[in-house]
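Working notes, beginning with the structure itself.
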Amino acid sequence: MTGRHRTAPRGTRATTGVRAPGGAGRHTGAGLAWRQFVADPWVSAALAVLVALVSFLLTAVPRALEDVNARQLVQDLGLLSAQQRDVTGAWGTTVETAVGSVDQDGQPTALDPWQAFREGAERVRSAQPEPLRTVLQKAQMTARVTNALDHVPAVESGYYNAQVTVRADPGLTEHVELVEGGWPELEQTVLPDPREAEGPVARGPQQPTGPLVPVVVLEEAAAEMLWEVGEEIAGRLELVGTYRPVDPDDPRWQHVDNGTTMGVLADPNRGEQGTITAFVSPLSRGFLGQPTAVRTEVWYPVDAAAVTTGRVDTAELRRQLTGMLAQQHVLVPGGDPALSVLEGDQVPAFTTGLTDALDKVVRQQRATASLLAVVAAGPLGVAAAVLALAARLVVSRRRAALAMVLARGASPRQLRWLVAGEGLALGVPAALLGHVLAVAAVPGAGRWWEWLVTAAVAATPAVALAATLDDASLLHERRDLSGRSRSRWRWVVELSVVVLAGLATWRLLDRETRGDAAADSGIDLLAAAAPVLLALVACSVALRLYPLPLAALVRVLRSGRGLTPFLGAARALRDPAGGLVPTLAVVLGTSVALVSAVLLTTVTHGADAAAWERNGADVRVRGPQMTDEVVAALRDIKGVEAVARLRDAGTTFELSAGQDRTPVRVLLADAELSSVMPAGGPAGGPPPGLYAEGGPVPVLAGGSAPARSGPASVRGVGEVVVLGHAAELPGFRTPGSWVLISAERWEGAGRSVPAATTALVSLADGADHGRVADEVEGVLGSSVVTTVEQELDAFASAPVTTGLTRAFVGATVLTGLLTVLAIVVVQLMGADARARLLAVLRTLGLGARQTRALTAWELAPMVLTSIVVGAVLGLVVPWVLVRALDLTGVTGGRAQPPLSLDPLLVGAVLAAVVLTVLLAITVSAWLAGRTNLAQALRVGEER
7 MTGRHRTAPR
17 GTRATTGVRA
27 PGGAGRHTGA
37 GLAWRQFVAD
47 PWVSAALAVL
57 VALVSFLLTA
67 VPRALEDVNA
77 RQLVQDLGLL
87 SAQQRDVTGA
97 WGTTVETAVG
107 SVDQDGQPTA
117 LDPWQAFREG
127 AERVRSAQPE
137 PLRTVLQKAQ
147 MTARVTNALD
157 HVPAVESGYY
167 NAQVTVRADP
177 GLTEHVELVE
187 GGWPELEQTV
197 LPDPREAEGP
207 VARGPQQPTG
217 PLVPVVVLEE
227 AAAEMLWEVG
237 EEIAGRLELV
247 GTYRPVDPDD
257 PRWQHVDNGT
267 TMGVLADPNR
277 GEQGTITAFV
287 SPLSRGFLGQ
297 PTAVRTEVWY
307 PVDAAAVTTG
317 RVDTAELRRQ
327 LTGMLAQQHV
337 LVPGGDPALS
347 VLEGDQVPAF
357 TTGLTDALDK
367 VVRQQRATAS
377 LLAVVAAGPL
387 GVAAAVLALA
397 ARLVVSRRRA
407 ALAMVLARGA
417 SPRQLRWLVA
427 GEGLALGVPA
437 ALLGHVLAVA
447 AVPGAGRWWE
457 WLVTAAVAAT
467 PAVALAATLD
477 DASLLHERRD
487 LSGRSRSRWR
497 WVVELSVVVL
507 AGLATWRLLD
517 RETRGDAAAD
527 SGIDLLAAAA
537 PVLLALVACS
547 VALRLYPLPL
557 AALVRVLRSG
567 RGLTPFLGAA
577 RALRDPAGGL
587 VPTLAVVLGT
597 SVALVSAVLL
607 TTVTHGADAA
617 AWERNGADVR
627 VRGPQMTDEV
637 VAALRDIKGV
647 EAVARLRDAG
657 TTFELSAGQD
667 RTPVRVLLAD
677 AELSSVMPAG
687 GPAGGPPPGL
697 YAEGGPVPVL
707 AGGSAPARSG
717 PASVRGVGEV
727 VVLGHAAELP
737 GFRTPGSWVL
747 ISAERWEGAG
757 RSVPAATTAL
767 VSLADGADHG
777 RVADEVEGVL
787 GSSVVTTVEQ
797 ELDAFASAPV
807 TTGLTRAFVG
817 ATVLTGLLTV
827 LAIVVVQLMG
837 ADARARLLAV
847 LRTLGLGARQ
857 TRALTAWELA
867 PMVLTSIVVG
877 AVLGLVVPWV
887 LVRALDLTGV
897 TGGRAQPPLS
907 LDPLLVGAVL
917 AAVVLTVLLA
927 ITVSAWLAGR
937 TNLAQALRVG
947 EER
């Protein structure tokens, strides 16, 4: 029959290349696909929504991780002062002349002595690789006269002394403005050239200094000291002007002591002393009329914005910075005209606190990325399972139409191209939409590979639909669940997964023993891959074992009196609609929920322990000397229970135990430490026996001291007994090896107890930590007061903490929703066969309640088995990760936190998982109960 026969049924018209008017185009592949979509659009639309969700997640999650890392980096670098953050180099030298060279007539030249230093510093910066070169800004420099000058001010000033430090700053006129007087001019005094002198050239204090050196000082300092312009200072300086800083908050002033404010040092016996900085001419290197010892400082301000917003690889930056610090850099070679005759190479020793901060950031970013990779694998795995189920459901719903096309001459290859084209039509717009929404939700510069990921996601529906279309005939083949596989390749794949999981876990847990280190940055691939492989092994085990108890259950129920349990279990064994894929979804959903809960608990408890380790007590005070009067004042503050002081004896002693001799520092503690830091408290204080009064002196060894207990001796103390060993003493910065002794026993041994500058304060229950900290600051004045509450608040508000919490909660919720969707899709896949069976059974008298129970029995065995396996997996994966990943970068502690299990939280999570699954089963049973008997009993109708 051809297209010319108008009486032929439309359904039997053959498709030709001639386009007949009035709708022949509807028989093309595109027309057939469109008609199928319009007839049943909801499943295809759900597939598109799922693709958009996956595309959104794969685009948004890396962007969100970068945003979290950037904000955490900003916070960590913001905690560093400019002096800590900047790359600073200093060296000492002696300046022989005012400028450094003379002309042919013996007169000083007008050479800028700092130009050679600027060029040398820029040469060093330009030699650094990127991104370090961009991070380092142009160098700044000053020179400080090594010996400070003392001046006795007027009695009316109230100060008994003024200690004046002379500085030379080539950028002085750019950063300060004159208030009174004028700028200091260069006073040049030329000394004989030692190479041309007939005898030794006299130097030192006995050498005439010539005229007074003009200087400017801070306006506030001049007012406090009652100095007037033109006044002589310290017998060698002349005050020619006063200044005020243009920008007192400029970070450069952190490199210049007392540049913006006058310092005050209090002496209880003599009164107050002012510390003042006086600046000489910007064309001077600190010359004071005779050879002057100066210490020159060059620093490269670190551009924090370049580090935080420029997508700088922090691990690479740290390596480059470490290399720069390890090298020797000659700023100005000896013999340069800018140097005095006897000055050699100017070689600064560069240091910075940025390396430690970057090291912490690298560890934090690696741990965060690895944890997120493990947690994100769950939702992605469930999404892949649901996508595979949705593809099978699409093909199942169109089986009749596809079988008819196959019967009329279409090849299986043509059918696969047909459904693949429909998959592209669904996937491409959906993936693009998800990508665009992700970019809008998490703005920022994109990576080139984001579009590759989006393209792969867009092609996934086409691949899934084409792979699902293995047989479009109307014949239904029964495939019973069995522990045995029909395909030998399944055994090969499963065995390979088990071997890989075992190797990955072994390598991961044995990493510390072998001394292998994880990658410096990015995701710890081994730590991320091992949990995924373990999940695959768990699913393989579940899929192998699940049919065995189910078959036994069928045999037991066969002899029972109820129809519903037996028929439901038998259908779950003999006609599993979803096959083995829904098992994977439920296993992953359960494990992700538990992994998120356990890891979040571990990190939180680790941060809590780290806060107590750093602080040692509710309140820690560091500052002035903690005299008995100060301690008494602290005890009088409302809410304070006890105050204990810690101090370093200041000398190295020898700890002898048997044949071992170990140099140790002696740390001394007040007896009140037993109340402030009890042994069983959150800070884990020393054992109570440390404060015993009789017998050998009890000590606690720590750090790198031998970890042994028993009799020993400390030179200068005598016989001691070592009570135990501790890695650190909470709340106190400890040296490499140390012993802790009671201050009373130390004093009883005839040793003097030095003054303490650290005190730990415990508070009563319910006391306001903030109020007590404020009152402590009021008592002590200049001091550093920290509380555990502040430490924990800082951790809770840190970007990495909030980011991980949201990721864990989001992954759990999303995985739960996808698990519900997977169970519902499984129910829909078996809807047709179930509808025909239920229609017959309902006709024979089966009730609606039994209909819903039958559906629940079909799903319950698979779901329960998957929950059990997922729960075991959810507890094993955190155990592996805690032993493999360095979480100290996240918790802020020195030691790796132990695995923490909160029984209440774990129970609540399991209950939530069970309730979620019960909800999914309830929804599936309700959908199954809405069977249309008449429609299901139609003869010859396949729906």
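Going by my numbering, the sequence shown opens with residue 7, and the numbers climb by one from there. Ideal Cβ placement from N, Cα and C applies to all residues, glycine included.
In this model, Leu834 and Leu399 are separated by some 7 angstroms (Cα to Cα). If you compare the alpha carbons of Val727, Leu798, Gly686, Thr361 with that of Gly701, the shortest gap goes to Val727. When rounded, the separation of the alpha-carbon atoms in Val434 and Ala396 is 17 angstroms.
By the neighbour-count criterion, in which 16 or more other beta carbons inside 10 Å mark a residue as buried, Asn264 falls on the buried side. Under the criterion of beta carbons closer than 8 angstroms, Ala426 and Leu471 qualify as touching, at roughly 6 angstroms. In the three-state reduction of the DSSP assignment, Glu725 falls in the strand class. Distances from the alpha-carbon of Ala154 to those of Phe285, Asp82, Thr65 put Phe285 closest. Under DSSP, His441 takes part in no beta bridge, so it has no partner. Per DSSP, Asp351 lies in no beta strand (DSSP E) and is assigned neither H nor E.
Between Asp156 and Ala240, the C-beta spacing is below 8 angstroms.
Two segments are said to touch when three or more pairs of C-beta atoms, one from each, lie closer than 8 angstroms; by this definition the segment 71-89 touches the segment 359-373. The C-beta separation of Val806 from Val745 comes to about 37 angstroms, leaving the pair out of contact by the 8 angstroms criterion.
Per the DSSP secondary-structure output, Ser743 pairs in a beta bridge with Gly709. The DSSP-derived three-state label of Asn75 is helix. Two segments are said to touch when three or more pairs of C-beta atoms, one from each, lie closer than 8 angstroms; by this definition the segment 603-621 does not touch the segment 747-759. About 5 angstroms separates the CB atoms of Asp175 and Thr148; that is less than 8 angstroms, so the two are in contact. Contact between Val318 and Pro137 holds: CB atoms are separated by about 5 angstroms, below the 8 angstroms threshold.
A Cβ-Cβ separation of about 52 angstroms leaves Ala591 out of contact with Leu766 under the 8 angstroms criterion. Going by DSSP, Asn167 is part of the beta strand (DSSP E) stretching over 165-174. Per the coordinates, the alpha-carbon of Gly690 lies some 14 angstroms from the alpha-carbon of Ala707.
In the pairwise beta carbon analysis, the segment 598-607 is classified as touching the segment 872-889: at least three pairs are separated by under 8 angstroms.
In the structure shown, Pro702 adopts coil according to DSSP, grouped into three states. Around the Cβ of Arg561, a 10 Å sphere holds fewer than 16 other Cβ atoms; the residue is exposed. Only residues of its own chain outside the window of five on either side were considered, and among them Glu278 have a CB closer than 7 angstroms to the CB of Ala272, listed in chain order. Taking Val826 as reference, the option from Arg721, Leu594, Glu750 with the minimal CA-CA separation is Leu594.
In chain order, Val182, Thr266 place their CB closer than 6 angstroms to the CB of Pro251, counting only its own chain and leaving out the 5 sequence neighbours on each side.
The C-beta distance from Ala773 to Gly645 rounds to 3 angstroms, short enough to fall under 8 angstroms. For Ala648, the secondary structure class from DSSP, reduced to helix, strand or coil, is strand. Secondary structure within the segment 403-436: not one fully enclosed beta strand (DSSP E) run of 3 or more consecutive residues is present. With a cutoff of 8 angstroms on beta-carbon distance, Pro220 and Val262 are scored as not near each other. Of the residues Pro867, Leu53, Gln856, the one whose Cα lies closest to the Cα of Val401 is Leu53. CA-CA distance, Leu501 to Asp516, rounds to 22 angstroms. In this structure, the straight-line span from the alpha carbon of Val920 to that of Leu870 is close to 9 angstroms.
Comparing alpha-carbon positions, the option among His441, Val270, Ala447, Asp892 lying closest to Ala168 turns out to be Val270. In this chain, Thr764 is not harboured by any alpha helix (DSSP H); it is covered by the beta strand (DSSP E) spanning 764-769. Taking each of Val101, Leu142, Leu843, Leu865 in turn and checking the Cα distance to Thr302, the smallest one comes out for Val101.
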